[in-house]
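Working notes, structure below.
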Amino acid sequence: MEKLFKNKKVLAYAMLIFVIFVWGSSPPLNVVMNKDYSVAFRSAVISLISAVTLLLICIKKLKNLNKDYFKYAIPTGIFVSLASLVQKIGLIYTTPTKYAFLENISCVVVPIILFFAIKKKPSFLTIVSSVLCLVGMFILSGMNFGAESISFGKGELLCALAGVLYGVNIAYTGVKIKKFNTLLYLLLQQWASTIVSLLSAMLLSVIKVNGAPIEVIKFSFDLGGIALLVVLALVSNVLCWFLRTYAMKFVNPTAVSIIMPFSAVITGAISLLVGMDTLSFEFVCGGIIALFAVILSSIADVKEDKKEAEKKVLVADDLKEENG
139 MEKLFKNKKV LAYAMLIFVI FVWGSSPPLN VVMNKDYSVA FRSAVISLIS AVTLLLICIK
199 KLKNLNKDYF KYAIPTGIFV SLASLVQKIG LIYTTPTKYA FLENISCVVV PIILFFAIKK
259 KPSFLTIVSS VLCLVGMFIL SGMNFGAESI SFGKGELLCA LAGVLYGVNI AYTGVKIKKF
319 NTLLYLLLQQ WASTIVSLLS AMLLSVIKVN GAPIEVIKFS FDLGGIALLV VLALVSNVLC
379 WFLRTYAMKF VNPTAVSIIM PFSAVITGAI SLLVGMDTLS FEFVCGGIIA LFAVILSSIA
439 DVKEDKKEAE KKVLVADDLK EENG
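Just so we're aligned, residue 139 is where the sequence shown starts under the numbering used here, counting upward by one.
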């Protein structure tokens with residue numbers, strides 16, 4: 139076991155599995171917290187706690203920050219925050235089912251972005267796993283091909299835009315993170331997220347739909363609730379975002395975009411265990427397809443690494459011949 143986890147790719151996948159379990163268990167907690175805390179403002183508070191925590195951790199490393207960190211970390215942090223904002227607004231005009239499905243289109247967006255950004259052509263396995271992931275999420279969400287389910291209005295457009303923004307975050311982080319210190323990168327992301335989240339909370343409390351604000355700012359000073367906020371910030375935000383970002387140094391961004399939606403399966407399983415939901419054919423079928431997509435994407439990732447290693451050996455051999 140010790141030898142196994144010395145392999146950085148294996149360790150990276152273990153980190154991602156931990157993250158999907160934590161993030162998959164968060165929605166039931168969020169449902170409980172919605173009674174005392176508005177979603178947007180709660181997100182802003184969690185981001186602020188996370189940003190301050192990371193600042194304290196990185197205080198001695200700040201001298202290592204350079205313009206490249208600001209060039210990539212801040213925009214990717216803004217993308218995540220904007221995705222969360224348009225998602226919340228989109229949910230007003232669509233159903234939770236479509237909302238849950240459309241946020242996961244990032245799994246097909248990432249390979250497209252990588253192709254245009256760095257000319258990285260997706261392999262056949264990558265294409266198949268991306269499509270399977272989307273199909274699995276479609277079935278898992280309970281959607282069908284009825285007229286109501288496939289209708290596409292402004293709510294669906296906003297949720298789809300959120301999926302694209304999440305994809306941009308994953309793709310560009312995956313491409314650039316190898317040359318950055320993960321904690322410093324995440325520090326700038328969280329401060330960018332905090333600012334956008336606070337502005338979003340204020341914006342949602344001002345913009346009115348049918349005469350009422352989209353979301354009134356609500357916050358409770360109950361010690362138990364505040365303690366839970368701190369735990370969510372430290373575990374779900376600081377720890378999980380660190381693990382996911384660090385893992386992307388060793389795992390293909392497309393594989394990450396396919397693994398992350400599997401947290402929806404974890405959420406469904408937990409909902410079944412606590413009696414918040416009932417077992418359905420859609421859940422079983424969608425979950426199996428999503429798992430198959432994760433396995434295929436992991437195989438594609440490992441094969442790609444082998445090809446890269448072989449290329450490096452060939453280049454090294456060519457150099458030896460030229461110098462010899």
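All C-beta atoms in this analysis are idealised placements derived from N, C-alpha and C, irrespective of residue type, glycine included.
Measure the beta-carbon distance from residue i to residue j and round it to whole angstroms, keeping in mind my assumption that it falls under 8 Å.
{"i": "Tyr210", "j": "Tyr304", "result": "That belief does not hold up - the Cβ atoms of Tyr210 and Tyr304 are roughly 16 Å apart, past 8 Å."}
{"i": "Val269", "j": "Val302", "result": "About 17 Å separates the two Cβ atoms, so there is no contact after all."}
{"i": "Val224", "j": "Ala300", "result": "5 Å"}
{"i": "Glu353", "j": "Ser164", "result": "Not quite, the Cβ-Cβ distance comes to about 19 Å (not below 8 Å), so this is no contact."}
{"i": "Leu324", "j": "Phe380", "result": "6 Å"}
{"i": "Cys196", "j": "Leu322", "result": "6 Å"}
{"i": "Lys387", "j": "Ile315", "result": "6 Å"}
What are the partner residues of residue i, as DSSP defines its beta bridges?
{"i": "Ser347", "result": "What sits at residue 347 in the sequence shown is Val, not Ser. DSSP, once it has assigned bridges, lists Ala350 as partnering Val347."}
Is residue i buried or exposed, if buried means 16 or more other CB atoms sit within 10 Å of its CB?
{"i": "Gly413", "result": "exposed"}
{"i": "Gly362", "result": "exposed"}
{"i": "Lys146", "result": "exposed"}
{"i": "Lys444", "result": "exposed"}
{"i": "Gly291", "result": "exposed"}
{"i": "Leu193", "result": "exposed"}
{"i": "Phe179", "result": "buried"}
{"i": "Asn348", "result": "exposed"}
{"i": "Lys236", "result": "buried"}
{"i": "Val432", "result": "buried"}
{"i": "Asn375", "result": "buried"}
{"i": "Val306", "result": "buried"}
{"i": "Leu370", "result": "buried"}
Using only the alpha-carbon positions, how far apart do residue i and residue j sit?
{"i": "Ser244", "j": "Val394", "result": "10 Å"}
{"i": "Leu417", "j": "Leu154", "result": "26 Å"}
{"i": "Ala407", "j": "Ser343", "result": "34 Å"}
{"i": "Val389", "j": "Ala150", "result": "7 Å"}
{"i": "Leu278", "j": "Ser185", "result": "29 Å"}
{"i": "Glu446", "j": "Val440", "result": "10 Å"}
{"i": "Ser331", "j": "Val218", "result": "7 Å"}
{"i": "Tyr231", "j": "Ala438", "result": "37 Å"}
{"i": "Ala402", "j": "Lys356", "result": "27 Å"}
{"i": "Ile251", "j": "Lys257", "result": "9 Å"}
{"i": "Ala255", "j": "Phe359", "result": "46 Å"}
{"i": "Lys346", "j": "Asn204", "result": "41 Å"}
{"i": "Ala350", "j": "Ser436", "result": "47 Å"}
{"i": "Val148", "j": "Glu442", "result": "15 Å"}
{"i": "Gly162", "j": "Val373", "result": "13 Å"}
{"i": "Leu366", "j": "Leu272", "result": "33 Å"}
Q.
List, from N- to C-terminal side, the beta strand (DSSP E) runs of 3 residues or more that fit wholly inside the segment 357-383.
A. none
Q) At what residue ranges does the segment 226-267 contain a whole run of the alpha helix (DSSP H), taking only runs of 4 or more? A) 234-240 and 244-256
Q: Taking only runs that begin and end inside the segment 168-208, name each unbroken alpha helix (DSSP H) of 4 or more residues, in chain order.
A: 177-196
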